[in-house]
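Numbering (the numbering used here), first residue to last: 1 to 513. Worksheet for the structure shown next.
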């Protein structure tokens, strides 16, 4: 596999062009100008007119990046007083898995700042087959942040990359499991973040994978005060191929929840929040908080099985009513209404969950952002929690499972008719382990185990699903189960869809005289 010339760049240098691009779901306007000089005839004052000519061509990205955060840690690791009061990560371990699908000619994972290095981890197809359409690699020792760089042959349906990271411990101050899918860089990323009251640490980590530094503006809204003037700086400077962090609990303390907007001026950034809760000396959970999808009026929130307690948080720019329904095995069950206050974070604790409800359907008058925090109880007052963003559906999607992870897949159908979805599992070498087709009734949800797709499942792909199906995975592993440690973490499915652009080019003789 080797790099393919960028035909769009060559095309732009040959013609004067004004380009408008239509991206799936997003309108982007770009201007490409190139100068073609027409030598004037002797005695002529102006260049001769060139006949108008228009060309349209489909174009797409030929490279995608995903940022995979470092292992979970404790933001404030300073030690005070007696040794028994010192913070500790205990027997913390971490693992990550990367996968690329479809029309891919090279995919490689490197430490942040070492992109393209010769010793990067190269994703490979089954038996080293370069013609494969599934490429997988994993790491179980490297705890640093990484970048997954994927080079594409085309933007064919089902093409793209995904990755996930998990950290877990049975001892110390952050027992349980934290997991996240790898993040795509963007100029703006938004979060719904848990409480910043005493004992809760919310560490925003901003990574800049570009080769130039950038400044980042942080805007914060809370549950009590609406938009907040941060007690710390509201600007971060992030170096090229580097990261910087901010403690949101110091910037906006004593709030039950935050809505955070992170905007970069000069380069796309990738951000996550490392969330840790401790009540005195008793751990109350930890997780990664990843960027929210675009605000929407119809969204689906996945729920873990078991006796997890769940609280919803919502943010909207203006007052809006959100109608909530349990998605059971056989239809919707009314929860009630969440009245989101414009410019503030609104919380709602959910009660009396039916045993066969695996997801929540949220429908609102105006677009809003919604997330859930689900918590499980363990021994000695210990807890663990996960933050689950609301999502919309993808036709082609995938996720990965870090080494040793087992998963319960949750599937929801927000459509008015029944739908089917076929899952395909792959092992760490890219070999298919098995498939499973699941039928989901209208406005309903169901679950299945990753083991239903075979042994040692490392990645799961959906090649073609109805655009009403949303799914994700709640992950754990044998170490946590054997130690009877409270553990809860969620990895959402990632879209396998490369943005495509329709480029229009035409001659304009008035540009140069």
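Glycine residues also receive a C-beta, built at the ideal position from the N, C-alpha and C atoms. All of these numbers come straight from a predicted model, not from anything done at the bench.
Using DSSP's beta-bridge definition, name the partner residues of residue i.
i: residue 63; result: 151
i: residue 181; result: 164
i: residue 96; result: 139, 165
i: residue 335; result: DSSP output for residue 335 lists no bridge partner at all.
i: residue 458; result: DSSP lists no partner for residue 458.
i: residue 396; result: Its beta-bridge partners do not exist; DSSP assigns none.
i: residue 215; result: 237
i: residue 474; result: 408, 490
i: residue 428; result: DSSP output for residue 428 lists no bridge partner at all.
i: residue 88; result: Residue 88 pairs with nothing; no bridge assigned.
Would you kindly work out how many angstroms separate the C-alpha atoms of residue i and residue j, rounded to a whole number?
i: residue 428; j: residue 233; result: 44 Å
i: residue 323; j: residue 338; result: 7 Å
i: residue 343; j: residue 191; result: 14 Å
i: residue 303; j: residue 360; result: 7 Å
i: residue 17; j: residue 460; result: Caution applies to residue 17, whose pLDDT of 38 falls short of 50 and renders its modelled position unreliable; the value that the coordinates give is listed next. The straight-line gap from Cα to Cα measures roughly 42 Å.
i: residue 263; j: residue 243; result: 14 Å
i: residue 170; j: residue 286; result: 13 Å
i: residue 441; j: residue 404; result: 32 Å
i: residue 468; j: residue 298; result: 11 Å
i: residue 89; j: residue 466; result: 43 Å
i: residue 412; j: residue 508; result: 51 Å
i: residue 209; j: residue 91; result: 30 Å
i: residue 149; j: residue 341; result: 40 Å
i: residue 520; j: residue 380; result: Residue 520 lies beyond the stretch modelled for the chain, which goes from 1 to 513, so this question has no answer here.
i: residue 331; j: residue 475; result: 26 Å
i: residue 393; j: residue 328; result: 18 Å
i: residue 313; j: residue 373; result: 8 Å
i: residue 439; j: residue 433; result: 20 Å
Just verifying my parser: in three-state terms, what is the DSSP assignment at residue i?
i: residue 127; result: helix
i: residue 303; result: coil
i: residue 479; result: helix
i: residue 413; result: strand
i: residue 453; result: helix
i: residue 75; result: coil
i: residue 251; result: helix
i: residue 266; result: coil
i: residue 380; result: helix
i: residue 295; result: coil
i: residue 498; result: coil
i: residue 39; result: Summary for residue 39: the model assigns pLDDT 39, below 50, so the residue's position carries little reliability, and this model does not support an answer.
i: residue 436; result: strand
Taking C-alpha atoms, which residue in the options lies nearest to residue i?
i: residue 224; options: 461, 252, 201, 471; result: 252
i: residue 397; options: 464, 382, 336, 425; result: 464
i: residue 283; options: 259, 249, 175, 365; result: 175
i: residue 219; options: 260, 201, 414; result: 260
i: residue 399; options: 425, 452, 144; result: 425
i: residue 333; options: 321, 290, 353; result: 353
i: residue 212; options: 476, 103, 268, 67; result: 268
i: residue 266; options: 435, 185, 485; result: 185
i: residue 152; options: 110, 117, 126, 101; result: 101
i: residue 87; options: 96, 341, 407, 75; result: 75
i: residue 69; options: 117, 103, 133, 143; result: 143
i: residue 239; options: 215, 231, 473; result: 215
i: residue 315; options: 129, 193, 127, 272; result: 193
i: residue 139; options: 179, 107, 97, 164; result: 97
Q. Is it true that the segment 415–426 meets the segment 474–494, where meeting means three or more beta-carbon pairs spaced less than 8 Å apart?
A. no
Q. Are at least three pairs of beta-carbons, each pair with one atom in the segment 192–207 and one in the segment 120–134, less than 8 Å apart?
A. no
Q. Is the segment 343–353 close to the segment 440–460, with three or more CB pairs under 8 Å?
A. no
Q. For the 8 Å Cβ check, are there 3 or more pairs between the segment 270–282 and the segment 158–167?
A. no
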